[in-house]
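Student: Letter 55 of the sequence shown, counting from 1, is numbered 54 in numbering that gives the first Met the number 0, and no numbers are missing. Cβ coordinates follow ideal geometry from the N, Cα and C atoms, glycine included. Right, I'll just put the structure down here and ask away after.
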Amino acid sequence: MKKTILIIIAAVVALVLGIAARQFSIPAEKPGISALFEFSLSDLSGQPHNISEWQGKILVINFWATWCPPCLKEIPDFITLQDQYKSQGLQFIGIALDDKDAVAKYITTSQINYPVLLGGDAGIALARQLGNKVDAVPYTLIVDRQGQIIHRHPGEFHKEQLMEFITE
0 MKKTILIIIA AVVALVLGIA ARQFSIPAEK PGISALFEFS LSDLSGQPHN ISEWQGKILV
60 INFWATWCPP CLKEIPDFIT LQDQYKSQGL QFIGIALDDK DAVAKYITTS QINYPVLLGG
120 DAGIALARQL GNKVDAVPYT LIVDRQGQII HRHPGEFHKE QLMEFITE
């Protein structure tokens with residue numbers, strides 16, 4: 000009886016660890032290239048912005064939240080890369096899947112140097128429409144100058160991985 004209980008507990012622990020490992024090691028999706036459709040979201044001041052404002056630039060669109068540790072970990076690299084490659088037509092856009100107050104508080108301390116739009120529930124739906132099939136946060140898209148989504152990345156996007164696309 001004792002052995003059976005131990006086996007059941009070990010099986011449950013293994014299952015939980017397997018699910019957790021899968022969640023944290025989601026591979027980058029590579030579905031075919033597709034066009035980015037137009038959408039609009041507001042910034043912290045309530046000003047609406049259409050994605051077409053940044054037409055002709057290389058876009059890195061990042062869906063993130065203040066409660067998401069991997070999201071907060073990648074933002075400093077995004078700030079650095081925005082500074083470094085802005086003159087070459089690179090534009091980061093953050094879409095916060097969070098409430099306005101939490102985002103405003105985070106932005107004042109992090110010195111984000113790129114537009115941050117408020118997505119909320121609409122942002123979650125938008126991320127799904129843009130290929131986020133597993134509802135991963137963070138979720139990042141890279142869009143070329145012609146408006147084609149050339150890469151979708153669920154989970155944390157490391158600087159080295161991102162550089163492969165930027166330097167192309």
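Buried or exposed, going by whether 16 or more other CB atoms sit within 10 Å of the CB of D98?
Tutor: Result: exposed.
Student: For P114, which residues from the same chain have a beta carbon less than 6 Å from its beta carbon, with the 5 sequence-adjacent residues on both sides left out?
Tutor: Excluding residues within five positions, the ones whose Cβ falls inside 6 Å are I92.
Student: Using the C-alpha atoms, what's the distance from Q83 back to M162?
Tutor: Distance between the alpha carbons of M162 and Q83: 11 Å.
Student: Under DSSP, the beta strand (DSSP E) around F62 begins and ends at which residues?
Tutor: Per DSSP, F62 belongs to the beta strand (DSSP E) from 57-63.
Student: Check for me: the alpha helix (DSSP H) holding T108 runs from which residue to which?
Tutor: Unbroken alpha helix (DSSP H) run through T108: 99-109.
Student: State the Cα-Cα distance for the pair Q147 and G119, rounded to the nearest angstrom.
Tutor: Computed Cα separation, rounded: 24 Å.
Student: Check S51 in the structure and name its three-state DSSP category.
Tutor: Helix, per DSSP.
Student: Does the Cβ-Cβ distance between G130 and R151 come in under 8 Å?
Tutor: Going by C-beta atoms, G130 is nearer than 8 Å to R151.
Student: Would you kindly work out how many angstroms separate the C-alpha atoms of A126 and Q81, rounded to a whole number?
Tutor: Computed Cα separation, rounded: 22 Å.
Student: With a 10 Å radius around its C-beta and 16 neighbouring C-beta atoms as the bar for buried, classify A124 as buried or exposed.
Tutor: A124 should be labelled exposed.
Student: Given that a residue counts as buried once 16 or more other Cβ atoms are within 10 Å of its Cβ, and exposed if not, what is W63?
Tutor: With 16 or more Cβ atoms within 10 Å of its Cβ, W63 is classed as buried.
Student: When the Cβ atoms of the region 131-143 are set against those of the region 101-111, are three or more pairs found closer than 8 Å?
Tutor: Counting Cβ pairs under 8 Å, fewer than three are found: no touch.
Student: Could you give the first and the last residue of the continuous beta strand (DSSP E) run that contains A95?
Tutor: 89-95 is the span of the beta strand (DSSP E), which, as asked, contains A95.
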